[in-house]
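Trainee:
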Amino acid sequence: MGTPATAAIPGEMPHAALPLWMFLPPMLLLLGGCVSHPVAPTRMQSPEAEIADSPVVDTQTLLDIPTLVSRIADRRVIYVGETHDRYAHHLVQLEIIRRLHARGRPLAVAMEFFQQPYQEALDQWVAGAIGEAEMLRRTEYFTRWRFDYRLYRPILRFARDHGIPLVALNVPREVTQAVSRKGFAGLEAAQRRWLPEHMDTADTRYRERLEEVFSRHPPKTRERAFQHFYEAQLLWDEGMAQRLAAYLKAHPERQVIVLTGAGHVAFRRGIPNRLQRRIRVPDAVVLLGAEALVAPEVGDYVVAPTPRELPPRGLLGIFMKDTPKGVVVEDFSPKSAAQVAGLRKGDRILTVDGRTVRDSIDLRLALLDARPGQQVELEVERGRGAHTERRRYTVTLGAPPRAEHR
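Residue numbers for the sequence shown follow my numbering, beginning at 16 and rising by one.
As structure tokens, this is what we get:
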């Protein structure tokens, strides 16, 4: 797979500003700078001071991805912080993994998007013991993460094809959701087993950054709601740091590439500093997206890839439900392609182009690479008991709304 055109710069720019990539030539570009004692940007400044502190990029010192990899190749841990729905970010992650793997050092890839109880399914996937559908089924990917699987599929397949271990980093969603509602004090005994052994609440800059994020939410019972929000974020970061530390100690020969949302690694105040508290290792923070350019301290490198979009998906236009007997059509979206073809509510989908459909994961994978306008053959079962019949329909897949193309 080709490398997307890219720029990497230390820092983050205001969301209202135009993205940096608009001002860069269409080539692979990158600027890096390392910092050893990061501090969060000053929050209260005059407009003049804010303008004076605007990051300036020296285009004469921009690097490329191969140079970036050569600079970070000796680090034990490499964080590559993403915006989850940006396809170009995942292409850059894959390129970094591919180039590090080519250097011959044993690798592992740790992922936020899989939760710790499902590690065994990832191990079996990499070992070739189970297929893609079974891995997605056992990790509950489509209910626990939900971002378009096509974004991550190339990385997962590269890891399997080359025997690169995958590490499930995240704390179970049920626990973080419970903390966000009730705080640590409200956890049940079975949930408390997921709390890290130690959680650092002394980092005031970390709390201040979360307060700034929380202040954008609609006002409610502000103080208690924020405390629960803070505790959930703390659990998230400390839990992933503890899991990562345990893997590093158990596998001292492996270099680990950590794929998470940028907010978990920016300014080193999410996972990185909490990992260093548990185990001292040389690391590097790479953030993806020119909007990450707020200050040199935000990370060691900022990569600004030229935007790339996944091809639009071909859609049946149905709301489906998993039942003991299979996938049942519950309802239709407006202008549903399946409804136009003749499907009805209550139909059970048996096959897509001859592929057996046992559950919604089988159906999603059968249509994963389908495009709008493509025709697929569906076999459905309609009715109940003695009045059950099988029917076949040719469906011309519809296009997603514009907002779903990303």
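Here a beta-carbon is modelled for each residue, glycine too, at the ideal position from N, C-alpha and C.
Predicted, not measured: the structure shown is a model, and the values here were computed from it.
Is V107 near P320, with beta carbons less than 8 Å apart?
Mentor: If you number the sequence shown from 1, residue 107 lands on position 92. If you number the sequence shown from 1, residue 320 lands on position 305. Closer than 8 Å, so yes.
Trainee: Are the CB atoms of E127 and L274 within a distance shorter than 8 Å?
Mentor: Numbered from its first residue, the sequence shown carries residue 274 at position 259. Numbered from its first residue, the sequence shown carries residue 127 at position 112. Cβ distance < 8 Å, so L274 and E127 count as in contact.
Trainee: By how many angstroms is the C-alpha of P121 removed from the C-alpha of R231?
Mentor: Translated into positions along the sequence shown, residue 231 becomes position 216. Translated into positions along the sequence shown, residue 121 becomes position 106. So the alpha carbons of these two residues sit roughly 43 Å apart.
Trainee: Taking C-beta to C-beta, are E396 and R370 nearer than 8 Å?
Mentor: Within the sequence shown, the letter at position 381 stands for residue 396. Within the sequence shown, the letter at position 355 stands for residue 370. Their beta carbons are not under 8 Å apart, which means E396 does not touch R370 by this criterion.
Trainee: For A414, collect the residues of the same chain with a Cβ closer than 6 Å to its Cβ; drop the 5 residues on either side in sequence, then sort them by chain order.
Mentor: As a first step, residue 414 must be located in the sequence shown, where it is residue number 399. P327, P387.
Trainee: Run the CB neighbour count on T219, radius 10 Å, all protein chains shown included, and call it buried at 16 or more, exposed below.
Mentor: If you number the sequence shown from 1, residue 219 lands on position 204. Result: exposed.
Trainee: Using CA coordinates, which residue listed in A123, G398, H279 is at the minimum distance from L225?
Mentor: Residue numbering aside, residue 225 sits at position 210 when the sequence shown is read from its first letter. L225 has its Cα closest to that of H279, out of A123, G398, H279.
Trainee: Please classify V190 as buried or exposed, where buried requires at least 16 other C-beta atoms within 10 Å of its C-beta.
Mentor: Locating residue 190 in the sequence shown gives position 175, counting from the first residue. Answer is buried; the Cβ neighbour count reaches 16.
Trainee: V296 and V95: beta carbons closer than 8 Å?
Mentor: Residue mapping note: residue 296 aligns to position 281 of the sequence shown, counting from 1. Residue mapping note: residue 95 aligns to position 80 of the sequence shown, counting from 1. No. Outside cutoff.
Trainee: If we ignore side chains and look at the alpha-carbon of each, how far apart do L263 and P211 end up?
Mentor: Taking the first residue of the sequence shown as 1, we reach residue 263 at position 248. Taking the first residue of the sequence shown as 1, we reach residue 211 at position 196. Between L263 and P211, the C-alpha separation is close to 16 Å.
Trainee: Which of the three DSSP states, helix, strand or coil, is assigned to T57?
Mentor: The residue given as residue 57 occupies position 42 in the sequence shown. Because T57 sits at a pLDDT of 47, beneath the cut-off of 50, its placement in the model cannot be relied upon, and the following sentence gives the value as read from the coordinates. T57 falls in the coil class under three-state DSSP.
Trainee: With DSSP collapsed to three states, give me the class of Y316.
Mentor: In the sequence shown, the residue the question calls residue 316 occupies position 301. The answer is strand: DSSP assigns Y316 an E or B state.
Trainee: Which of helix, strand or coil does DSSP assign to Y167?
Mentor: Reading the sequence shown from its first residue, position 152 is the one you call residue 167. Of the three classes helix, strand and coil, the one that applies to Y167 here is coil, per DSSP.
Trainee: Where do the ends of the alpha helix (DSSP H) carrying L109 lie?
Mentor: Here residue 109 is taken as the residue at index 94 of the sequence shown, counted from 1. 102-117 is the extent of the alpha helix (DSSP H) around L109.
Trainee: DSSP three-state call for K336: helix, strand or coil?
Mentor: Along the sequence shown, read from residue 1 onward, the residue named residue 336 stands at position 321. Note: K336 maps to strand in three-state DSSP.
Trainee: Which residue comes first and which comes last in the alpha helix (DSSP H) that contains M150?
Mentor: Sequence index remark: in the sequence shown, residue 150 carries index 135 (1-based). Run containing M150: 147-154, per the alpha helix (DSSP H) assignment.
Trainee: Within its chain, find whatever has a CB closer than 8 Å to the CB of D374; leave out the 5 residues flanking it on each side and keep chain order.
Mentor: Counting from one through the sequence shown, the residue named residue 374 turns up at place 359. Excluding sequence neighbours, D374 sits near R152, D337, G341, V342.
Trainee: Quick one: is V367 buried, meaning 16 or more other Cβ sit within 10 Å of its Cβ, or exposed?
Mentor: The sequence position of residue 367 within the sequence shown is 352, counting from 1. Looking at its Cβ environment, which holds 16 or more other Cβ atoms inside 10 Å, V367 is buried.
Trainee: Select from F162, E63, P62, L308 the residue whose C-alpha is nearest the C-alpha of Y102.
Mentor: Numbered from its first residue, the sequence shown carries residue 102 at position 87. Among F162, E63, P62, L308, the Cα nearest to that of Y102 belongs to F162.
Trainee: Alpha carbon to alpha carbon, how far is R159 from E345?
Mentor: Within the sequence shown, residue 159 is the residue found at index 144, counting from 1. Within the sequence shown, residue 345 is the residue found at index 330, counting from 1. Distance between the alpha carbons of R159 and E345 is about 21 Å.
Trainee: Classify D176 as buried or exposed, calling it buried when 16 or more other Cβ atoms lie within 10 Å of its own Cβ.
Mentor: Position 161 of the sequence shown, counted from the first residue, corresponds to residue 176. Flag for D176 reads exposed.
Trainee: Measuring straight from C-alpha to C-alpha, what distance separates A20 and R407?
Mentor: Working through the sequence shown from its first residue, we reach residue 20 at position 5. Working through the sequence shown from its first residue, we reach residue 407 at position 392. With a pLDDT of only 39 at A20, under the threshold of 50, the placement of this residue in the model should not be trusted, and no figure is reported.
Trainee: Excluding the 5 residues flanking E246 on each side, which residues of the same chain have their C-beta closer than 6 Å to its C-beta?
Mentor: Along the sequence shown, one-based indexing puts residue 246 at 231. Contacts found: V194, G198, F199.
Trainee: Do L250 and A183 come within 8 Å of each other at the CB atom, strictly closer than that value?
Mentor: By 1-based counting over the sequence shown, the position of residue 183 is 168. By 1-based counting over the sequence shown, the position of residue 250 is 235. No, the pair does not count as a contact, with Cβ atoms beyond the cut-off.
Trainee: Report the rounded CA-to-CA distance for Q291 versus L181, giving the unit in angstroms.
Mentor: Residue numbering aside, residue 291 sits at position 276 when the sequence shown is read from its first letter. Residue numbering aside, residue 181 sits at position 166 when the sequence shown is read from its first letter. So the alpha carbons of these two residues sit roughly 21 Å apart.
Trainee: With a threshold of 7 Å on Cβ separation, who are the neighbours of W140 within its own chain once the five nearest residues in sequence on each side are excluded?
Mentor: Stepping through the sequence shown from its first residue, residue 140 is reached at position 125. If we look at W140 and ignore the five residues flanking it on each side, its Cβ neighbours are M150, R175.
Trainee: According to the neighbour-count rule (16 or more other Cβ atoms, all chains shown, within 10 Å of its Cβ), is D68 buried or exposed?
Mentor: Taking the sequence shown and counting its residues from 1, one reaches residue 68 at position 53. With fewer than 16 other Cβ atoms within 10 Å, it is exposed.
Trainee: Do L378 and A353 have their C-beta atoms closer together than 8 Å?
Mentor: Taking the sequence shown and counting its residues from 1, one reaches residue 378 at position 363. Taking the sequence shown and counting its residues from 1, one reaches residue 353 at position 338. No. Outside cutoff.
Trainee: Alpha carbon to alpha carbon, how far is P267 from R289?
Mentor: Taking the sequence shown and counting its residues from 1, the one referred to as residue 267 is at position 252. Taking the sequence shown and counting its residues from 1, the one referred to as residue 289 is at position 274. Their Cα atoms are separated by approximately 19 Å.
Trainee: Kindly list the residues whose CB is nearer than 6 Å to the CB of S351, restricted to its own chain and excluding five residues on each side of it in sequence; keep chain order.
Mentor: On the sequence shown, position 336 is the one that residue 351 refers to. Same-chain partners within the cutoff: G332.
Trainee: If you draw a straight line from the alpha carbon of Q206 to that of P132, how long is it in whole angstroms?
Mentor: As a first step, residue 206 must be located in the sequence shown, where it is residue number 191. As a first step, residue 132 must be located in the sequence shown, where it is residue number 117. Going from the Cα of Q206 to the Cα of P132 covers about 12 Å.
Trainee: Comparing alpha-carbon positions, which option in R86, E394, T411, L412 lies nearest R405?
Mentor: For the purposes of this step, residue 405 is taken as the residue at position 390 of the sequence shown. Measuring from the Cα of R405, the nearest candidate turns out to be E394.
Trainee: Nearest-angstrom Cα distance between A144 and A217?
Mentor: Within the sequence shown, numbered from 1, the residue matching residue 144 stands at position 129. Within the sequence shown, numbered from 1, the residue matching residue 217 stands at position 202. Between A144 and A217, the C-alpha separation is close to 45 Å.
Trainee: With a CB to CB cut of under 8 Å and the five nearest residues on each side skipped, what residues in its chain are close to A204?
Mentor: The residue given as residue 204 occupies position 189 in the sequence shown. So the list is empty, once near-sequence residues are dropped.
Trainee: Kindly indicate which residue of T409, I87, L412, T98 has the alpha-carbon position closest to the one of L303.
Mentor: On the sequence shown, residue 303 is found 288 positions in, with the first residue counted as 1. Ranking T409, I87, L412, T98 by Cα distance to L303 puts T98 first.
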